[in-house]
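First comes the structure, then the notes that go with it.
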Amino acid sequence: MEPMIRIRNVSKKYRRGEIGAKTLQNEIKGWWARRRGREDPNLKIGESGAVNEPFYALEGIDLDVCPGETLGIIGRNGAGKSTLLKLICRITEPTDGVIDLYGTVTSMLEVGTGFHGEMTGRENVYLNGAILGMTRAQIDSKMDEIIAFSEIGEFIDTPVKRYSSGMYVKLAFSVAAHLDSDIIIMDEVLAVGDMAFQKKCLEKMRREAKEEGRTVLYVSHNMNTIRSLCSRCIVLDGGKILFDGDVDRAIAIYLGIEESDRRLFRFSEDYRPYDESLRKNKRLEMESLFVENPDGPWFHSTQRETLTVKMNAFVPLKRVGFRLEYWYQDGQKIGSALSGDFVDLDEGENTVQLSVDLSHLTGGQYSADLIAYQFDGEGTEDILDGVYPGVVFQIGEEFGVTTHLDWHHQYWGHVHLHDIGVMKK
Amino acid sequence: MKSSTENRQGIHTHIAPKERTAGHRWGEVWRYRDLVFLLTKKTFTLQYKQTILGPLWSVIYPLCTSAIMTIVFGRIAKIDTAGVPHILFYLLTNALWGFFSACVSTNSRTFVDNAYLFGKVYFPRLTVPISNALYHLIGFCIQLAIVIPLSVFFFVRGRITPHYEWVWLLPLILLQTGILGIGTGILLSSATTKYRDLMILVTVGIQMWMYLSPVIYPVSQVANPFLKTVLAVNPMTAPLECIRFIMTGKGQILPVSVVSAVLCSVLALFLGAWVFGRVEKTFMDTV
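Shown next, in the form of structure tokens:
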């Protein structure tokens, strides 16, 4: 299907710290000081001129979103989520790259933009609707529907300054929800308002995406709303897409990067969305994984990496092996590695070290599911526990596999197999 | 389920850095025309919320200013208005000059005043200066409602001989003044975004421009050759003298002033729209 949003290699560069000196007088002072080799008086004490160096809020983003998709965008504060939305909404322009939008866009970076307390609900609906791109006639035809959806009733002709915050949000959201646009962009607008109303809004959004082929982009820190609304999810981190694909996996990866130590992965229940049967008969529980490489989880060598896994066995277990299933950032599974050795685990706490070879992976973001199983010696396995994902890591573009050509992921895949021996006979 | 190739309006938006879109997409402004009127209505209603006299202020304020000017410039400084009663002379020019200067000063703050709104939602930013101009036009029309009976009164008393047959020119005069006001305003707004102190300079500049325009004196009373040249090329000379010619019968319309007025207005609008179009895409990063 043709995408409705196509983003190619988009970057947004900002300068750190204060931009400009705000007044002409200070700008001249700064210019004069720099000319004479003195310190710029506009810089805060302790800052040096180097603070003004650029940083990327977004770097090399590629993304396609198709009609009918509801895409969740998650990431820590400062990961670039809002910047991405602002670029798509045309509030600011990208430093690099191209964005194509095939359809009308409604942005809801905030509810009730342009609402004025002195005006009545009805007047505000007209103004807000017009700001969001509706014509007067369109608003007229939707007015009754908007009032009904907002549950405001007879208060529609009261100035909104007398509204409770809940009423205000409901009315504002109702306006945006009744726009006939193809692409809807929401930045955590449902954070306020009561649960029943939230549910009603999410339901409406999801239904319209499915039945009318709309595209919804939704940024939130609330994983429950992401789960109930989104059909696909991306994780942003440091201005890059860390993962793109399945919602549950994306949430687990996001929860992983929330840890302050990026080399440590703690496995909560969010990491085990699939294994209902294992929960009933629990024999082994993996608790955490630690990347021993001090640069981790950014790998740029071809040497083996050591992962230390802490686990709790509820019964003594014999011949336990591990499997790592690797995923690329676009949600494609690219391959797996099996245990070369097996260990016996005692009841209680156990620590196991895994030595993994990542030298076949080309540059990019990866995640790997870690599955522990018992080997019966006859080619079948008995799964004990699985964490999805067990580790998230990056292979440095420049340090990955040393190839004599630039690696083209889209055509060649993500695995670099052994080089071909070539001989002339 | 519809496919993306037939999205409802067949709209395709292409976003790329430093896109040369020849200044502005005027068509987009046209699609948002309802927003222009709603913004105008909003400014107008909010202006007089919680005031006792409401829109009456649009009448009282210029009446007071014109009365003061009549006393100061007419009685004390004894500036000759070529036989036109001072109160009519000042009410009329204040109305038109007030319209123009308000357009320039409000629009020069477009980005600064609307930074919050612009940071949250996209709509063609030019709708804001246009709606500001419409709002000030309402103020002008209210003042005109006092000027017209006053002009008729003096005409009946035989003190003036107005040229009411030229009244059809009035919309053109207002269009030119409005375009010049919007153009100059948005040109300045791009600069005040970066340097806030320019806003004070704008106020001073408008005042200087007023004294170099035939606002408190008519062109016919100027003898200084330098001032005469300045007045001839000043794009506000022609509209002021024209409206005076229609309403009071006294006005000196030089062809060079008319040419300058038209050229400057068109130039200011297109240059302003071009710079505005460049600034609106990145100003959120600097405000």
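Residue numbers (our numbering), protein chains in the order written: chain A, 2 to 426; chain B, 1131 to 1417.
Yeah, the Cβ is synthetic: ideal placement off N, Cα and C, and Gly gets one too.
From residue i to residue j, what does the alpha carbon distance come to, in whole angstroms?
| i | j | result |
| --- | --- | --- |
| Pro1147(B) | Glu209(A) | 32 angstroms |
| Leu1393(B) | Gln1306(B) | 10 angstroms |
| Gly1157(B) | Ile100(A) | 21 angstroms |
| Ser337(A) | Asp1164(B) | 59 angstroms |
| Ala1403(B) | Val106(A) | 24 angstroms |
| Trp408(A) | Thr363(A) | 7 angstroms |
| Asn313(A) | Ala253(A) | 21 angstroms |
| Ala51(A) | Thr1170(B) | Below a pLDDT of 50, predicted positions are generally treated as unreliable, and Ala51(A), at 47, falls in that range; the measurement from the model is reported next regardless. Whole-angstrom Cα-Cα distance: 46 angstroms. |
| Gly1184(B) | Lys1172(B) | 14 angstroms |
| Leu86(A) | Ile1278(B) | 53 angstroms |
| Tyr1252(B) | Ile132(A) | 8 angstroms |
| Val217(A) | Leu230(A) | 9 angstroms |
| His1154(B) | Leu203(A) | Any reading at His1154(B) must be qualified, since the residue scores a pLDDT of 49, below 50, and its modelled position is unreliable; the value itself is stated next. Rounded to whole angstroms, His1154(B) to Leu203(A) spans 37 angstroms at the Cα level. |
| Ile1190(B) | Trp1339(B) | 25 angstroms |
| Val112(A) | Gly297(A) | 40 angstroms |
| Met144(A) | Lys281(A) | 53 angstroms |
If you drop the 5 nearest sequence neighbours on each side, which residues of the same chain put their C-beta closer than 6 angstroms to that of residue i?
| i | result |
| --- | --- |
| Ile1373(B) | Leu1226 and Ile1303 |
| Lys311(A) | Glu288, Ser289 and Thr352 |
| Val1166(B) | Thr1257, Ile1260 and Ser1261 |
| Trp299(A) | Gln395 |
| Leu1221(B) | Ser1196 and Val1277 |
| Ser340(A) | Gly322 and Phe323 |
If I'm right that residue i touches residue j with Cβ under 8 angstroms, what's the distance once you round it to whole angstroms?
| i | j | result |
| --- | --- | --- |
| Ser1319(B) | Ser1238(B) | 5 angstroms |
| Ile62(A) | Ile242(A) | 6 angstroms |
| Ile6(A) | Asp65(A) | 7 angstroms |
| Leu59(A) | Lys13(A) | 4 angstroms |
| Ser289(A) | Phe315(A) | Wrong, their Cβ atoms sit about 17 angstroms apart, outside the cutoff. |
| Asn1262(B) | Thr1236(B) | 5 angstroms |
| Leu1256(B) | Val1405(B) | Wrong, their Cβ atoms sit about 12 angstroms apart, outside the cutoff. |
| Arg67(A) | Met2(A) | Looking at the sequence provided, one finds Cys at residue 67(A) rather than Arg. Cys67(A) to Met2(A), Cβ: 5 angstroms. Contact. |
| Ile75(A) | Tyr255(A) | 5 angstroms |
| Ser175(A) | Ser151(A) | 4 angstroms |
| Asp183(A) | Gly130(A) | Not confirmed; about 17 angstroms, so no contact. |
| Phe1174(B) | Tyr1265(B) | 6 angstroms |
Under 9 angstroms between the Cβ atoms of residue i and residue j?
| i | j | result |
| --- | --- | --- |
| Gln1180(B) | Glu119(A) | yes |
| Leu1310(B) | Ile1217(B) | no |
| Asn1354(B) | Ser1387(B) | no |
| Gln1382(B) | Val1345(B) | no |
| Gly378(A) | Arg320(A) | yes |
| Pro1259(B) | Gly1315(B) | yes |
| Ala1398(B) | Leu1384(B) | no |
| Arg233(A) | Ile185(A) | no |
| Ala1212(B) | Gln1351(B) | yes |
| Ser1188(B) | Gly1269(B) | yes |
| Asp386(A) | Ala373(A) | yes |
What is the residue span of the beta strand (DSSP E) that residue i lies within?
| i | result |
| --- | --- |
| Phe1400(B) | Here Phe1400(B) belongs to no beta strand (DSSP E); instead the alpha helix (DSSP H) covers Pro1385 to Thr1412. |
| Ser289(A) | Leu285 to Val292 |
| Asp97(A) | Asp97 to Leu102 |
| Thr71(A) | Thr71 to Gly76 |
| Asn313(A) | Glu306 to Ala314 |
| Phe150(A) | Segment Arg137 to Ser151 is the alpha helix (DSSP H) holding Phe150(A); no beta strand (DSSP E) there. |
| Ala338(A) | Lys334 to Ala338 |
At what residues does the alpha helix (DSSP H) containing residue i begin and finish?
| i | result |
| --- | --- |
| Asp1164(B) | Arg1163 to Gln1177 |
| Ile1443(B) | A question about residue 1443(B) goes unanswered here, because the residues of chain B that appear run from 1131 up to 1417. |
| Tyr127(A) | Gly122 to Ile132 |
| Ala369(A) | Taken as a continuous stretch (DSSP letters only), Ala369(A) belongs to no alpha helix (DSSP H), being part of the beta strand (DSSP E) at Gly365 to Phe376. |
| Lys171(A) | Ser166 to Ala178 |
| Thr1277(B) | At residue 1277(B) the sequence reads Val, which differs from the Thr that was named. Unbroken alpha helix (DSSP H) run through Val1277(B): Thr1257 to Val1286. |
| Leu230(A) | Met224 to Leu230 |
| Gly246(A) | No alpha helix (DSSP H) contains Gly246(A), which is instead part of the beta strand (DSSP E) from Lys241 to Gly246. |
| Trp1339(B) | Leu1328 to Tyr1341 |
| Ser182(A) | Ser182(A) -> no alpha helix (DSSP H), and no H or E assigned at all. |
| Ile1217(B) | His1216 to Asn1237 |
| Cys1372(B) | Thr1367 to Thr1378 |
| Val1360(B) | Pro1355 to Val1363 |
| Thr1195(B) | Trp1187 to Met1199 |
| Trp413(A) | His410 to Trp413 |
Cβ closer than 9 angstroms: which chain C residues qualify as neighbours of residue i?
| i | result |
| --- | --- |
| His117(A) | Structure shown: chain C not included; protein chains present are A and B. |
Spatial neighbours of residue i within its chain, please: CB distance less than 8 angstroms, with the 5 preceding and 5 following residues excluded, ordered by chain position.
| i | result |
| --- | --- |
| Thr121(A) | Ile157, Asp158, Thr159, Pro160 and Val161 |
| Val1234(B) | Gly1311, Thr1314, Gly1315, Leu1318, Val1332 and Ile1336 |
| Pro95(A) | Val11, Ser12, Lys13, Leu59 and Leu88 |
Beta-carbon within less than 7 angstroms of residue i's beta-carbon, same chain only, minus the 5 sequence neighbours each way: which residues are those?
| i | result |
| --- | --- |
| Arg305(A) | Ser356, Val357 and Asp358 |
Tell me whether residue i, by its Cβ, gets closer than 8 angstroms to a heavy atom of the ligand FMN.
| i | result |
| --- | --- |
| Gln1306(B) | As presented, the structure is devoid of all ligands, the ligand FMN included, so that no description of it is given. |
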